[in-house]
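What follows is a single structure, written as structure tokens, with notes after it.
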Amino acid sequence: MYCLDCINGPLCSLCLSHHKDHIAIQIRRSSYHDVIRVNEIQKYLDISSVQTYIINSAKVVFLNERPQPRPGKGVTNTCQVCERSLLDSFKFCSLGCKVIGTSKNFVKKLRQLSTKRRLTMATSDSDDSCSSSSHRGYKSAINKIQSFIPSTPPPTSANYRTTKRRKGIPHRSPMGGLLIEY
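Quick note on numbering: the UniProt record's numbering labels position 159 of the sequence shown as 159, and the sequence is numbered without any gaps.
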């Protein structure tokens, strides 16, 4: 249990009696992740853009982002912060992602990234038309910035084998054929 009035951390059952007039919310564990029931939290927080899940017939939202092993095929909508796949009408996968995604610093970084992308798109469209030395210098600076961005590695044969695993020919242990006679 957490007291929203005091915000001092978790409460034990003994401390809860001292907070009987306060707003207390119970945080639950579901598959090693912290969740809050929607009917408890929606009175105090706007959770309209956070994806809800139904766990044990209760509608819940996750507190923190959950790692996603790999993005699914054909995913059209992802979390704005951690890029976890979502249903179409949501922007965030958890309350933590919403806090980060709605902060001023995050919005500022998104704007800078979109401006940088537009600049790189503009320079790649005008590759043939660059003739002035200042424009060439600007273009090389953009290329240096892009060279620091890690690219996605091509799929290797090891990755391919792990994704398409099948049961093969059974192999005996090295000592399995050894017979001991007395």
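All C-beta atoms in this analysis are idealised placements derived from N, C-alpha and C, irrespective of residue type, glycine included.
Task: For cysteine 12, the three-state DSSP class (helix, strand or coil) - done: Coil.
Open item on the list: Using CA atoms only, rank isn't needed, just tell me which of Arg28, Val38, Ser30 is closest to valine 60.
Closed with: Ranking Arg28, Val38, Ser30 by Cα distance to valine 60 puts Val38 first.
Open item on the list: For lysine 91, report the span of its beta strand (DSSP E) as first-last.
Closed with: Per DSSP, lysine 91 lies in no beta strand (DSSP E) segment and is marked neither H nor E.
Task: Nearest-angstrom Cα separation, counted from glutamine 112 out to alanine 58 - done: So the alpha carbons of these two residues sit roughly 40 Å apart.
- [ ] Label valine 50 either buried or exposed according to how many other C-beta atoms from any shown protein chain fall within 10 Å of its C-beta, with 16 as the threshold for buried.
- [x] Buried: at least 16 other Cβ atoms inside 10 Å.
Open item on the list: By alpha-carbon positions, which one of Asp46, Gln80, Asp5 ends up nearest to lysine 109?
Closed with: Ranking Asp46, Gln80, Asp5 by Cα distance to lysine 109 puts Gln80 first.
- [ ] In the DSSP assignment, find the alpha helix (DSSP H) that holds valine 38 and state where it starts and stops.
- [x] Where valine 38 is concerned, the enclosing alpha helix (DSSP H) starts and stops at 38-41.
Task: Assigned exposure category for valine 35 - 16 Cβ within 10 Å defines buried - done: Its Cβ being crowded by 16 or more others within 10 Å, valine 35 is buried.
TODO: Look at the alpha carbon of isoleucine 145 and the alpha carbon of asparagine 105, and state the distance between them as a whole number of angstroms.
DONE: Below a pLDDT of 50, predicted positions are generally treated as unreliable, and isoleucine 145, at 41, falls in that range; no measurement from the model is reported.
TODO: Starting from lysine 59, follow its DSSP beta bridges and name the residues at the other end.
DONE: According to DSSP, which records beta bridges pairwise, lysine 59 is partnered with Ile54.
TODO: Along the beta strand (DSSP E) that carries arginine 28, what are the first and last residues, could you check?
DONE: If you look at arginine 28, you'll find it in the beta strand (DSSP E) that goes 28-30.
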